[in-house]
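If you read the protein sequences in the order shown, they are chains A and D. Note that the working numbering gives residue 186 to position 185 of the first sequence, counting from 1, and the numbers run on in steps of one. Note that the working numbering gives residue 782 to position 460 of the second sequence, counting from 1, and the numbers run on in steps of one.
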Amino acid sequence: MNHRPITILIMLLSTVFLSGCWDRAELQDLDIVSAIGIDKGSDEVENRYMVTVQVINEGQIASGKGGGGAKEIAPVTTYSATGSTVAESLRKIAPKIPQELFFPHIQLMVIGEDLAKQEGIQDLFDWIERDSQFRTLFPILVVKNNTAKNVLKIVTSLEPIPSAKIVGGLESTQKTWGEFVMTRADKVIQQMSGNAALLTGVQIIGDPDEGNSLKNVQKISPPTELEIKGLGIFKKGKLQKWLEGDEARGAILINNEVTKTIVDLNCNKKKKGLSIDMMRSKTKITAKIKNNKPIIYIAVRSEGHISEVHCPIDLGKHKVIEKLEKQMEKELKEEILLALEAAKKEKSDFFRFGETINREDPKLWKKIKNQWDEEIFPETEVNVHVQAFIRRSGLRTKPYIK
Amino acid sequence: MNSAMNRLFKKRKKSKSIYKFEETEIPSTDQGIMAHLDENLANIKEALGNPGDLAIREFKMGKPSLHKVAIIYINGLADKMIIGSFVIERLMENVHDSENIHPKEPSELFTYIKENILTVGTVEDITDWNKMLLSLLSGQTILLIDGYNHAIGCSAQGGELRAITEPTTEPAVRGPKESFVEALITNTAMVRHRIKSPNLRVEMMKLGKVTQTEVALMYVNGIVNDKLLAEVKERLDKIEADEIVGSNTIEEWIIDDFWTPWPTILKTERPDVVQGEIQEGRVAVFVDGTPTTLILPAIWIQFLHTAEDYYLRWQFASFLRFIRLVGFLITLIGPSLFIAFLTYHPELIPTPLLINLTAQRQGIPFPVFIEALIMEFTFEVLREAGIRMPRQIGQAVSIVGALVLGEAAVSAGIVSSSMVIVVAGTAIASFTIPHATMTDAVRLLRFLMMILAATFGLYGLGLGVIVLVAHTCSIRSFGIPYLTPFAPIILADWKDTLVRAPKPFLSTRPRLISQLRTKRTGTTQNLGPSSREHQTTNNQLKRDSNEP
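Here it is in structure tokens:
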């Protein structure tokens, strides 16, 4: 009998069964990293960065196993190491952990304020884009007045994975309040190629060391909490200033990133006695060149409905609504101007007006590019035009107050 | 290295076998029918080995008893009632009263008996010895007359046959409740009941040198493609086997390509399926002794169709077809996708799910692939055990399987609960494929896909699927491409593939299969309510309401 075909078949089969399967990994051999934090290490070059990873302790998160009762093991564990580059520091973590770090499921990256202020973050993100394990879809936040390491070690309530809690809070803030936006890694990296950037902040309320314990969540009101707070203005990669409140919302409005928010207006004589639920907003930025000088036009068109009234006012009348609309326009314009002022003061064009000018007149932009941030931007005329519409008054017209 | 390879591939010298056989022919006798009755009877006894179930009744007929006559039949194959009242009784009694009862020549008597006396359905004049034996063994009753070398074969077949029952492998909730039985004639009659057309043709042949199994070819003349019919006949003629054991033997003899895992001949036990399929131009092959009928040519999508599809409303039938397609895909690549994702692509799993899966896999001693193999293999073992066991014990097997291998294996930490879900889901999905032959094919291919996924991840799985699709495109069933009407694309035939369009829209027969007459509905179609006169118009309604 001719054995040749069978022999060849066996050889082919052995290539399947004996091949190394080099990138094969069992799930239990992976340590899923949920968040990564980068801090300033020390002034020496060898320890330039301190990198902290937050590894998920799956058994504690997944329900079913373990059953009820108080959890005794933390849902996540953090490990830190220092090094002159981020990649090096990450590898230096390996001796401290049981398995291989697995990065594709990173949900959050935080940067310590010291690093952001002193060293700058302009050159920090190259490895994210270079390494195939990373996706650039997680938000990058700056820690306000603290280190990234401390943020990653706070035990949070309701959501066992702290990074998931932060991201969830960030998402819902962006959806309903509009003061802060999700500064996703790909967006941040795009901003880093320019001179100015805007990054959302996160801060610790309370004592970080007290938060690093399961006791933190055993209380109904946890003593240590994490909060999304502030918009950091970056110039050439360094943190300059924190924007908050109206300034911050103005900046987000200019960037056309507000979806929903609440705007408070005066109700007859009562200050801030009426609130508008803004449902839609659209911002258009155009540039015009006059006498070789660029002029920026910001046109905002927003819609909303009345969600709360604290004074007797007849919302059935058209004139009343018109008046409120005028008031809302004024309010939004003020917020935008506040943000503009802050940007001009910091000489940081994080609204990227420069790009609009470049599209309008590339030749002029080439000429003024180098002086734009320092000299021209603070002096540039910006016209703001806001159009506001109040569409509905909710389920009631007249309030019950008389 | 080179010499090693040479040694490896060198043809072995043929060693002479120490077991030598002399091929011998199967013994056959051909004495011819003699004129002498006793000699004939002795020869028959000798040819059949004087079996206990051979019944020979000798008697004399005529007045005075002139002629020696013998009735020969096989007990159990013949109906004794018929033989008694319509053969023996007639011969013994009526002959006395007749005027023509004293013919001098036995040949005259022979003709007289054949034409005037025997009151059974069909009577055959047999001259050939072997043919006589075959008729006898097929259940006919043989009548021999002393002094004449002809035999009469009377059709008085009988014996115990299974009654028509409900279909067991292809049950339908709304469809007809009868299924084929072992007797070929009953089966062909069931289809005849459904198609009362002179164009319904049944061609009988006997296959198998020893078994002499009756095989019937059924088709609708005028719809069937003549080339197909000729091809089928040619392939059937080529069968040179001693024995035909059921329709499966026929299938394996006439199939296009027996290397392919896909079934290329449809098997059914439902007469309504045969009816529908031969109306589309296909050929049905009935084999005596099997309730399973072959339908050919068969295309891939047919194996996802059931008879039930045509008894349900078309929307729901289409939905069910979609479910079956999904079930097919899950059976084929479900476990292998799971393996590929878990071992090579954990980054593609959503984070919460990944955390969950990882938590389940803590402490599992086996790699995912081995775990999956263990579970799939266990399931196949259970399934086989459950089928072969008597029904009462079969239930015990399933209980043990479900409890011990599902729950206990998980709580013992040997397999993860997600793997149990995947394997159980795959098993359930495999039951949605209506035809067992297709299920078997997918069950086998599933293991191939699992190996590919375990070695090369999604890449290997993708390659496997591509190769499989390419192979499926390449095979044919009696000249019809297996993936018709998807490859080649015949849009007109899509109406009855993935969806089932309402009957009035299925106006043409599948094009490649029935090329002779593709139209099967009238040209003018009245869909919806009929013409205006029968409808009550608004005016009429008003008038009616105005009347007191």
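The beta carbon of each residue, even a glycine, is placed where N, CA and C say it ideally should be.
| Query | Result |
| --- | --- |
| C-alpha distance - residue 307 of chain A paired with residue 315 of chain A, whole-angstrom precision | 12 Å |
| Start and end residues, beta strand (DSSP E) containing residue 319 of chain A | Per DSSP, residue 319 of chain A belongs to no beta strand (DSSP E); it is in the alpha helix (DSSP H), 319-347. |
| Below-7 Å beta-carbon distance, residue 60 of chain A vs any chain D residue | yes |
| C-beta neighbour in chain A for residue 683 of chain D, strict 7 Å | yes |
| Sheet register partners of residue 804 of chain D (DSSP bridge) | In the DSSP output, where bridge partners are listed per residue, residue 804 of chain D has none listed. |
| Minimum Cβ-Cβ distance from residue 34 of chain A to chain D less than 7 Å | no |
| Exposure of residue 765 of chain D, with buried meaning 16 or more beta-carbon neighbours within 10 Å | buried |
| For residue 739 of chain D, the three-state DSSP class (helix, strand or coil) | helix |
| Within chain D, partners of residue 24 of chain A - CB distance below 7 Å | 666 |
| Residue of D:542, D:380, D:438 minimising C-alpha distance to residue 408 of chain D | D:438 |
| Neighbour flag for residue 28 of chain A against chain D, beta carbons, 7 Å | yes |
| Exposure label - residue 69 of chain A; buried when at least 16 CB within 10 Å | Residue confidence for residue 69 of chain A is low, a pLDDT of 47 falling below 50, so the modelled location carries little weight; the figure read from the coordinates is stated next. Exposed is the call here. |
| Proximity to residue 29 of chain A [Cα-Cα], best of A:170, A:77, A:103, A:45 | A:103 |
| Helix, strand or coil at residue 793 of chain D [DSSP, three-state] | helix |
| Integer-rounded CB distance, given that residue 629 of chain D should sit under 8 Å from residue 494 of chain D | 5 Å |
| Residue 125 of chain A versus A:340, A:16, A:231, A:193, residue with shortest Cα-Cα distance | A:193 |
| Residues of the region 88-117 of chain A with Cβ closer than 8 Å to any Cβ of chain D, in chain order | 103, 105, 106, 108 |
| DSSP-derived helix/strand/coil call for residue 401 of chain A | coil |
| Residue interval of the alpha helix (DSSP H) (run including residue 152 of chain A) | 149-153 |
| Rounded straight-line distance, which links the Cα of residue 730 of chain D to that of residue 14 of chain A | 34 Å |
| With 16 other Cβ atoms within 10 Å as the buried cut-off, status of residue 717 of chain D | exposed |
| Distance between residue 73 of chain A and residue 197 of chain A (C-alpha atoms, nearest Å) | 45 Å |
| 8 Å Cβ shell around residue 741 of chain D - same chain, five flanking residues per side excluded | 660, 690, 693, 694, 697 |
| Coarse secondary structure for residue 546 of chain D, derived from DSSP in three states | coil |
| Pair within 7 Å by beta-carbon distance, residue 54 of chain A and residue 37 of chain A | yes |
| Cβ neighbour criterion (16 or more within 10 Å) applied to residue 71 of chain A | Note that residue 71 of chain A scores 49 on pLDDT, short of 50, meaning its location in the model is unreliable; the coordinates nonetheless yield the value given after this. Classification of residue 71 of chain A: exposed, given that the 10 Å Cβ count is below 16. |
| Residue closest to residue 337 of chain A, alpha-carbon to alpha-carbon, out of A:358, A:299, A:360, A:317 | A:299 |
| Pick from D:681, D:596, D:461, D:579 that is closest to residue 500 of chain D, judged by C-alpha positions | D:596 |
| Cross-chain neighbours of residue 31 of chain A in chain C, by beta carbon under 8 Å | The displayed structure is made up of protein chains A and D, and chain C is not among them. |
| Cross-chain neighbours of residue 190 of chain A in chain D, by beta carbon under 9 Å | Here the premise fails: no neighbours, minimum Cβ distance about 20 Å. |
| Rounded distance between the beta-carbons of residue 645 of chain D and residue 754 of chain D, thought under 8 Å | 6 Å |
| Any C-beta of chain D under 7 Å from that of residue 57 of chain A | yes |
| Which residues DSSP lists as bridging residue 602 of chain D, in chain order | In DSSP, residue 602 of chain D forms no bridge with anything. |
| Whole-angstrom C-beta distance between residue 142 of chain A and residue 215 of chain A, which should lie under 8 Å | Actually they do not touch by this definition, with Cβ atoms about 24 Å apart. |
| Cβ-based contacts, 9 Å cut-off: residues of the region 770-803 of chain D near chain A | 773, 774, 776, 777, 778, 779, 782 |
| Same chain only: Cβ atoms within 8 Å of residue 349 of chain D, ignoring 5 sequence neighbours per side | none |
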